[in-house]
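The next block holds one structure in the form of structure tokens; read it before the comments.
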Amino acid sequence: MKQDVALDQAKWLVEPGCVLLVTGGTMDKANVMTVSWQTPIHTANPCMVLLVMNQRRYTYELIKQNNELVINVPDESLLEQTHFVGTVSGRNADKFKAAGLTPTPASVVKCPLIAECAGHLECRITNTFTIGTHDLVLCQVIHASAEEEYFDGAWIAERFHTLHYMQATQYGVLDRRITVGPQ
Ligand SMILES: Cc1cc2nc3c(=O)[nH]c(=O)nc-3n(C[C@H](O)[C@H](O)[C@H](O)COP(=O)(O)O)c2cc1C
């Protein structure tokens, strides 16, 4: 069961710089792409995440129609799907179907979230800044949810192995949480 995550904790869903699946559009017409250029930039009031998107991405075109998107967090079990939706465009194909990912209504925004992912940040775009071929897309998180089995205020890395892009066809996985300082 997924539980709501307080917005002042939501940034911990993406804090480790994990690879993300970003969805845009509506339940009738949606698309998904892989994003690794991401960073939280403000913890709370508001919680903000910055994404970097090439202006040619079809997903970004759909996102701009209503300025909403969902950031979904996949794990190691979705490696093939994550790479696939990051290397094929959905302009002429249904990538959800091809990848076996299930679009599901989100809580607040119009675009779907991905049922197979364990964490979701529902966002509204507040600003964009163009740098050549890419836009810096400033997203305000307006709702967040995560699988309670895998997230207790931070990802339980032993159970949920986030993906981290290394290069080309190589990814790393985060599978251990360690503690620093006196216990
Ligand atoms: C691991 C990985 C990370 C990626 N990160 C980004 C990114 O941060 N920004 C971006 O614009 N494209 C990124 N891409 C490329 C897009 O996901 C890719 O071009 C995708 O096919 C776009 O699909 P669309 O045209 O259906 O939107 C990444 C691809 C991979 C495989």
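With the sequence shown counted from 1, adding 7 to any position gets you my numbering.
For every residue, glycine included, the Cβ atom is placed at its ideal position computed from N, Cα and C.
Keep in mind it's a predicted model, so treat the numbers as computed, not measured.
Could you tell me the alpha carbon to alpha carbon distance between residue i and residue j, rounded to whole angstroms?
{"i": "T30", "j": "A113", "result": "11 Å"}
{"i": "G126", "j": "G139", "result": "31 Å"}
{"i": "V77", "j": "R184", "result": "26 Å"}
{"i": "T111", "j": "V26", "result": "20 Å"}
{"i": "G107", "j": "Q88", "result": "8 Å"}
{"i": "E165", "j": "S84", "result": "13 Å"}
{"i": "T169", "j": "I70", "result": "24 Å"}
{"i": "D11", "j": "G160", "result": "11 Å"}
{"i": "Q177", "j": "H171", "result": "9 Å"}
{"i": "T66", "j": "V115", "result": "19 Å"}
{"i": "L128", "j": "E75", "result": "11 Å"}
{"i": "D101", "j": "H90", "result": "15 Å"}
{"i": "E68", "j": "V187", "result": "43 Å"}
{"i": "V95", "j": "G32", "result": "17 Å"}
{"i": "I132", "j": "D182", "result": "32 Å"}
{"i": "P189", "j": "Q16", "result": "23 Å"}
{"i": "N38", "j": "L86", "result": "18 Å"}
{"i": "R64", "j": "E155", "result": "32 Å"}
{"i": "H49", "j": "F136", "result": "17 Å"}
{"i": "N134", "j": "G97", "result": "25 Å"}
Between residue i and residue j, how many whole angstroms is the CB-CB distance? I'm expecting something under 8 Å.
{"i": "V121", "j": "N73", "result": "The sequence shown places Ile at residue 121, rather than the Val named in the question. Contact doesn't hold; Cβ gap of about 18 Å is too wide."}
{"i": "A153", "j": "L20", "result": "6 Å"}
{"i": "P23", "j": "W162", "result": "7 Å"}
{"i": "F167", "j": "D82", "result": "5 Å"}
{"i": "V42", "j": "L143", "result": "Going by Cβ atoms, the distance from V42 to L143 rounds to 12 Å, so no, they are not a contact pair."}
{"i": "M8", "j": "P119", "result": "Actually they do not touch by this definition, with Cβ atoms about 19 Å apart."}
{"i": "L28", "j": "C124", "result": "6 Å"}
{"i": "H141", "j": "Q45", "result": "No, H141 and Q45 are not in contact; Cβ-Cβ is about 13 Å, not under 8 Å."}
{"i": "V92", "j": "M40", "result": "6 Å"}
Enumerated in chain order, which unbroken segments of the beta strand (DSSP E) with a length of 3 residues or greater are wholly contained in the stretch 32-77?
37-42, 45-49 and 55-61
Which ranges does the alpha helix (DSSP H) cover as unbroken runs of at least 4 residues, wholly within the stretch 98-150, from first to last along the chain?
102-106
Taking three-plus beta-carbon pairs below 8 Å as touching, is the stretch 144-151 in contact with the stretch 49-63?
yes
As an exercise, report each continuous beta strand (DSSP E) stretch of at least 3 residues that is fully enclosed by the stretch 149-174, in chain order.
169-174
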